[in-house]
Amino acid sequence: MDESDSTAHPSATTVRRPLWTLSARLLTGLIFTGALLHLTLRDRVPYLATLAYALPMPVLLGLTICRLVCARVLRRFIAVWCMLVLVLAGWTASATLAWHATPRATSTARETIRVVCWNAGRNRSPWRPEFAETIDRLQPDVVAIIEAGGDLPALRAFFTQHCPDLEVSCLRTGLVCLTRGRAGEGSLFSLAGAGACGQLTVNVRGNEVELLVVDINSTPIMFRAGPLGVLTDHADELRDRPTIVLGDFNTPHDSVHLNALRTHHRHAFETAGQGYAGTWPVPLPVLNLDQIWTNQWVQPDSCQHVWTSLSDHRLVVADVTIVPPAQAAPSE
């Protein structure tokens, strides 16, 4: 009686085994494809680059954990997938976590300038006082806001009212710069038709600094070589003076298309970062899209990514110092 019942009513695991097997095969394909891309081509090839962006290290780790669950259900290769989870966990930690020591203050230390970069995601939403309060709490000297919205008079009025200590510079395409000091007239140029960049000269604590505020399109299949090439050429033209390049690059910080920018610039989080690198999408950020880069005249002392529930992007906060010419690292 028991034997016939068992035959007539197979277990749920047996019934669903084909589904678990299919899931295991799909997960295995994604994991090894993503790992191979990270180790070889990365985002060098159009369309394959999109797949590389969709499979960052934290996602690969999550997929590997899911594959381990499949292995336990199917009772096959459990030890192998346990080992791969440990390998991916270590790889992900090394790629996404940083804890550089903050430089000790000395009597001869130069004054620190705090720079904030934030994609506030306000293109179709009104500004609220909470946004200004978030900025004020950080006590910044320079703030670059991406996707601030297109109503420039309303933006200027909002920040003038809620951030009275900061001078407001509104550029088109939703780029806004707030400065604790003086700011010149800003200009705007296209990034190969795939984004925009605003250029602004600011004077903060007696230091004149060039700002390049970047907003690259988020189209997933767009190849990043064109817009990042234009940005790099423009940034290199300014390498004889203190320059900060910041904004929403919509490109992971380890992209091969940022290698040219690295020649004369440093990524603030890679150089002096503390904590977790991901900035998007909140609440589970897996990509470092929001970035601050500096040339030889600007030294990053610390960099953190600050959590917020007001946007799907974390804020990038960097403390930097302007380096006198005699102490600047030579350009390559």
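Read in numbering that gives the first Met the number 0, the sequence shown has 59 at position 60, and its numbers run on one by one without any break. Yeah, the Cβ is synthetic: ideal placement off N, Cα and C, and Gly gets one too.
Val208 (DSSP reduced to helix, strand or coil): Taking the first residue of the sequence shown as 1, we reach residue 208 at position 209. If DSSP states are grouped into helix, strand and coil, Val208 belongs with the strands.
Close-in-space but distant-in-sequence residues of the same chain around Tyr275 (CB under 8 Å, 5 per side omitted): For the purposes of this step, residue 275 is taken as residue 276 along the sequence shown, with counting starting at 1. So the qualifying residues of the chain are Thr95, Leu96, Pro284, His304.
CB of Val114 within 7 Å of CB of Ile144, strictly: As a first step, residue 114 is located in the sequence shown; it is residue number 115 there, counting from the start. As a first step, residue 144 is located in the sequence shown; it is residue number 145 there, counting from the start. Contact flag unset, no.
When Leu137, Glu166, Phe222 are compared against Ala191, the one with the closest alpha-carbon: Against the sequence shown, residue 191 aligns to sequence position 192. Checked all of Leu137, Glu166, Phe222; the closest Cα to Ala191 is Phe222.
Sub-7 Å separation of Pro57 and Thr91 beta-carbons: As a working note, residue 57 is residue 58 in the sequence shown. As a working note, residue 91 is residue 92 in the sequence shown. Yes.
Which residues DSSP lists as bridging Ser301, in chain order: Position 302 of the sequence shown holds residue 301. Answer is Asp318.
Extent of the continuous beta strand (DSSP E) run through Ile220: Taking the sequence shown and counting its residues from 1, one reaches residue 220 at position 221. For Ile220, no beta strand (DSSP E) segment is defined, and its DSSP state is neither H nor E.
contact_flag[the region 59 to 78, the region 289 to 305] where n(CB pairs < 8 Å) is 3 or more: no
Alpha-carbon to alpha-carbon, Asp214 and Glu146: Residue mapping note: residue 146 aligns to position 147 of the sequence shown, counting from 1. Residue mapping note: residue 214 aligns to position 215 of the sequence shown, counting from 1. Rounded to whole angstroms, Glu146 to Asp214 spans 8 Å at the Cα level.
For Gly205, the nearest candidate out of Gln138, Thr101, Arg179 (CA to CA): Start at 1 with the first residue of the sequence shown, and residue 205 comes out as number 206. Checked all of Gln138, Thr101, Arg179; the closest Cα to Gly205 is Arg179.
His252 beta carbon less than 7 Å from that of Asn287: For the purposes of this step, residue 287 is taken as the residue at position 288 of the sequence shown. For the purposes of this step, residue 252 is taken as the residue at position 253 of the sequence shown. Yes. Within cutoff.
Top-ranked residue by Cα proximity to Asp247, from Cys169, Gly120, Asp135: Here residue 247 refers to the residue found at position 248 when the sequence shown is read from its first residue. Residue Gly120 is the option with its Cα nearest to Asp247.
Nearest neighbour of Arg238, chosen from Glu166, His256, Arg261, Leu257 [CA to CA]: Residue 238 sits at position 239 when you count from the first residue of the sequence shown. If we check each option's Cα against that of Arg238, Arg261 comes out closest.
Delimiting residues of the alpha helix (DSSP H) encompassing Tyr52: One-based indexing of the sequence shown puts residue 52 at position 53. Run containing Tyr52: 47 to 53, per the alpha helix (DSSP H) assignment.
Cβ pair count under 8 Å reaching 3, the region 77 to 84 against the region 51 to 65: yes
Helix, strand or coil at Cys65 [DSSP, three-state]: If you number the sequence shown from 1, residue 65 lands on position 66. If DSSP states are grouped into helix, strand and coil, Cys65 belongs with the helices.
Assigned exposure category for Asn294 - 16 Cβ within 10 Å defines buried: Translated into the one-based positions of the sequence shown, residue 294 becomes position 295. Burial call: buried.
Cβ-based burial, Leu21 [other Cβ within 10 Å; buried from 16]: Counted from its first residue, the sequence shown places residue 21 at position 22. Looking at its Cβ environment, which holds fewer than 16 other Cβ atoms inside 10 Å, Leu21 is exposed.
Same chain, Cβ closer than 7 Å to Ala271, five either side skipped, listed in chain order: Locating residue 271 in the sequence shown gives position 272, where the first residue counts as 1. Excluding positions up to five away in sequence, the list reads His99, Pro299, Asp300, Ser301, Cys302.
Nonlocal neighbours in the same chain, by C-beta distance under 7 Å from Asp135, ignoring five residues either side: Counting from 1 along the sequence shown, the entry for residue 135 is found at position 136. For Asp135, where only same-chain residues beyond five positions count, the Cβ hits under 7 Å are Cys162.
Among Leu40, Asp140, Ile243, Ile112, nearest to Glu334 - alpha-carbon criterion: Residue 334 falls outside the range modelled here, since the chain spans only 0 to 331, and no answer is possible.
Same chain only: Cβ atoms within 6 Å of Gly51, ignoring 5 sequence neighbours per side: Here residue 51 refers to the residue found at position 52 of the sequence shown. Note that residue 51 is Ala in the sequence shown here, rather than Gly. Cβ neighbours of Ala51 beyond the five flanking positions: Leu36, Arg41, Asp42.
Exposure label - Thr338; buried when at least 16 CB within 10 Å: This structure cannot speak to residue 338, because the chain is shown only from 0 to 331.
Extent of the continuous beta strand (DSSP E) run through Ala100: Reading the sequence shown from its first residue, position 101 is the one you call residue 100. Taken as a continuous stretch (DSSP letters only), Ala100 belongs to no beta strand (DSSP E), as it is neither H nor E.
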